[in-house]
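Here the structure comes first, spelled out in structure tokens, and everything after it is commentary.
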């Protein structure tokens, strides 16, 4: 299935071994409907971490756990001072989650390690596989907690203090499962950056399946603006109240809900607009609604687009208030800036898929991923593979072994090309090792990990994101 | 305030006594916010019934309780064989109900009795004040239970078997409070019909307040068609799913919701259309809704209009299914035919308001009332008075003493004119006593109460309602 067209392509991952690992990991927290319930920092999470750690040790890796419980399996490189070329994802799941979300990124990374071992390949840069803590956020918020602390999106203390519904804090849960590690969690506190970070993930959307392509070359992640909207009218009896004396909050709200959709379509194909949550008060069959609360989720590839969507929403609100006897309150609740990935790494993923003869296309990530936070501190790219019917966060989440293997093969090639085969000539190595990573490595040699600002190259990378 | 323009007008109700009775009754089940919580067939309901019964006995009435707990206070007429001229309403409330809904109709009736006593007036026909069981339906369904059994809308057994959330049946609750009465509950089982039935009620809507009028001359009750609508699309991640690959159940549903409003406005001022209840699945901020369930409440003054609204809804559903990749299921759940009240009695209410110099207007009842069921078996009319901001079923429900007194005065005059003053000439009496009631009385003399079909006059009345 995987065409061997040049030297790197001759190194093949073991599709069956990857699938078998996925199925074995999925037994921990398996649900009767074929999914997985493995909430972050539960004993099931511990069991899954132990399984991964055993596999990684068997593959010759050393392990490191940081203060937020992120787990790093390291396969040493010929030049240990080079920043690692890393991959990974998460192994916590939604309460009714599937077998592939997150788990695939971690085990595709494991499969890369194992394949390098199979072929006795030494890389110039170290290889690391990351298991980021609590990506899902089902038990503890904020979501993408481990990578968020690493990247400085919020502080370690903020994350450790988060409590679940029973009042158990992240700090206590980490200690309970033995994953309150000794190394710094945040780059700002000295956690090492990566020379490059690749994350393989099921698409969690319908685009690849609809286009019939196997590999999504992820160019970046959509920026997001979330809002809570409250429309207030006057509840009244449905029977006695004539149409012209109503202040129906729901009828007004439906106009705004439609605007959310229309605003996103006006920015197609770069935007999304979704009303996912609606609460109607008093929600009684024969009472005109007096208050409707709903959410708005806007996403766009670039920040100027998000600004236009924000302005359009506020104009729609104003027009609605002018036309109806209702009040509308719009409360912004979340802002994630768009996160374009690193063009050199994106190009490397694209080229690998091309060399392998795999149908591929550029795609944006609409969802959040650990890679989106990692991209704030290190060069990053992602690889998507199709999932059945675009369904994720669901026990029926499914993906084909062939697609999963193809994604892991692309991951292997992109990582290997970036880390550099030590068997290659030193001169060739310069083409392979990401220049950003190399410069970072020189910084690391000349200075211990510090809380100093990003090196100039990373600052430039940061500034690319508006 | 009340202008005396002819003989009946010289008989005035006691506004202060009426208000005082309302406030005293409102103490039973009073809530801290100034409302009343007195659910049907609770001990509070028993206390309220006992208070009314004591007042009625003090006013010289005999009391009768039927098998569904309906309570009738009877002031005998000169001709006891004549069918009673009745009034009343209910004294159960919503969990967060007000002081006036229902209670006003019962106590306005009591005030009529007391005023007749004050003036030593004997009527040809007996006067009865009804306390109908469980009009609200908050604890037991169906709503308007006592009048519904009386009128044959459903069987006594069906009503007695209804259970509340704790599993207590109406049968058990009636026995517990001592109101499982001995007389037949249904007209079909021999419960006497009325010569005429008048019900005074707060409007529970904004029309009278908006027009600045004191008396609503209720010409009938709107027919109702209720539906459950389920729109099924496909839930999906809000981020990864492009706008053109969505099957967003909520966006489709909002179009139907707007149609519900538009369909009613197209029939203005005769119709109402309301979406009061909405359930979105899975109702998560960043998930495109896969299923939306909502209710439709259509009301119209005539059945042909209801049919047009039904057809328009189904056409809108068809158009939506054709245009969107969603399925729509429409399930009718309730149908009440329009219930025009008896023109002679409506005219009598209108004339009384006119003679009293009270600003009045014709109005339809959008809500259900015991009178709507009573109208299926006896000539019926209603009198509305304004309530503050049109608000009812709420602890802040309010009405002015002046308006309540005006409604009771209209009630007194309409009832007195219908029952006939025994002091008047016998010839005059023929003008006063409703001819339908007189014929019914002759039937009653020639035959014991039976389960026989309606007399011809009532059949005709029934047939007026399509």
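Residue numbers (the numbering used here), protein chains in the order written: chain A, 58 to 523; chain B, 58 to 523. Backbone N, C-alpha and C fix where the C-beta goes; we use that ideal spot for every residue, glycine too.
Less than 6 Å between the CB of residue i and some heavy atom of the ligand HEM, yes or no?
| i | result |
| --- | --- |
| residue 79/A | Absence of the ligand HEM from the depicted structure is noted, as is the absence of any ligand whatsoever, leaving it without description. |
At the level of alpha carbons, what is the spacing between residue i and residue j?
| i | j | result |
| --- | --- | --- |
| residue 199/A | residue 195/B | 42 Å |
| residue 408/A | residue 92/A | 34 Å |
| residue 78/A | residue 430/A | 27 Å |
| residue 499/B | residue 384/B | Any answer about residue 499/B is weak, because its pLDDT of 38 lies below 50 and its placement is not dependable; what the coordinates show is given next. Cα to Cα, residue 499/B sits roughly 59 Å from residue 384/B. |
| residue 455/B | residue 350/B | 34 Å |
| residue 256/B | residue 460/B | 15 Å |
| residue 190/B | residue 98/B | 8 Å |
| residue 411/A | residue 148/A | 30 Å |
| residue 434/A | residue 296/B | 23 Å |
| residue 303/B | residue 343/B | 13 Å |
| residue 207/B | residue 294/A | 26 Å |
| residue 163/A | residue 468/A | 11 Å |
| residue 233/B | residue 139/B | 34 Å |
| residue 145/A | residue 352/B | 47 Å |
| residue 271/A | residue 406/A | 13 Å |
| residue 266/B | residue 263/A | 55 Å |
| residue 115/A | residue 130/A | 11 Å |
| residue 184/A | residue 231/A | 26 Å |
| residue 319/A | residue 261/B | 38 Å |
| residue 186/B | residue 307/B | 49 Å |
| residue 76/A | residue 457/A | 9 Å |
| residue 321/A | residue 314/A | 11 Å |
| residue 173/B | residue 67/B | 12 Å |
List, in chain order, every chain A residue whose beta-carbon is nearer than 8 Å to that of residue i.
| i | result |
| --- | --- |
| residue 334/B | 337, 340, 341, 342 |
Is the Cβ of residue i closer than 7 Å to any Cβ of chain B?
| i | result |
| --- | --- |
| residue 318/A | yes |
| residue 178/A | no |
| residue 345/A | yes |
| residue 409/A | no |
| residue 261/A | yes |
| residue 322/A | yes |
| residue 424/A | yes |
| residue 325/A | yes |
| residue 356/A | yes |
For residue i, collect the residues of the same chain with a Cβ closer than 7 Å to its Cβ; drop the 5 residues on either side in sequence, then sort them by chain order.
| i | result |
| --- | --- |
| residue 298/A | 345 |
| residue 363/B | 280, 282, 355, 357 |
| residue 136/A | 181, 182 |
| residue 243/B | 206, 207, 209, 213 |
| residue 309/A | 288, 290, 377, 381, 383 |
| residue 305/B | 290, 345, 346 |
| residue 334/B | 351, 352 |
| residue 479/A | 135, 179, 180, 181 |
Using a Cβ cut-off of 7 Å, pull out every chain A residue sitting near residue i, in sequence order please.
| i | result |
| --- | --- |
| residue 352/B | 342 |
| residue 449/B | 294 |
| residue 369/B | Within 7 Å Cβ-Cβ: nothing; residue 369/B doesn't reach chain A, min ~15 Å. |
| residue 267/B | 302 |
Give me the chain A residues within the contact set of residue i, using Cβ-Cβ distance strictly less than 9 Å, ordered along the chain.
| i | result |
| --- | --- |
| residue 264/B | 297, 298, 299, 302 |
Can you pull the chain B residues whose beta carbon is under 7 Å from the beta carbon of residue i, in chain order?
| i | result |
| --- | --- |
| residue 311/A | 311, 314, 315 |
Is the CB of residue i under 7 Å away from at least one CB in chain A?
| i | result |
| --- | --- |
| residue 307/B | yes |
| residue 150/B | no |
Excluding five sequence neighbours on each side, which residues of the same chain lie with their C-beta closer than 8 Å to the C-beta of residue i?
| i | result |
| --- | --- |
| residue 395/B | 277, 278, 279, 280, 357, 358, 359, 360, 363, 522, 523 |
Give me the chain B residues within the contact set of residue i, using Cβ-Cβ distance strictly less than 8 Å, ordered along the chain.
| i | result |
| --- | --- |
| residue 329/A | 295, 296, 298, 299, 300 |
Exercise for review: Name, going along the chain, the residues of the segment 114 to 148 of chain A whose beta-carbon falls closer than 7 Å to a beta-carbon of chain B.
Suggested key: Sequence-ordered contacts of the segment 114 to 148 of chain A with chain B are nonexistent [C-beta pairs closer than 7 Å].
Review point. Given a limit of 7 Å on CB to CB distance, which residues of the segment 385 to 417 of chain B reach chain A?
Key: From the segment 385 to 417 of chain B, no residue has a Cβ closer than 7 Å to chain A.
Exercise for review: Determine which residues of the segment 271 to 289 of chain A have a Cβ less than 8 Å from any Cβ of chain B, and write them out in chain order.
Suggested key: Identification of residues in the segment 271 to 289 of chain A having a C-beta nearer than 8 Å to some C-beta of chain B yields 279, 281, 283, given in sequence order.
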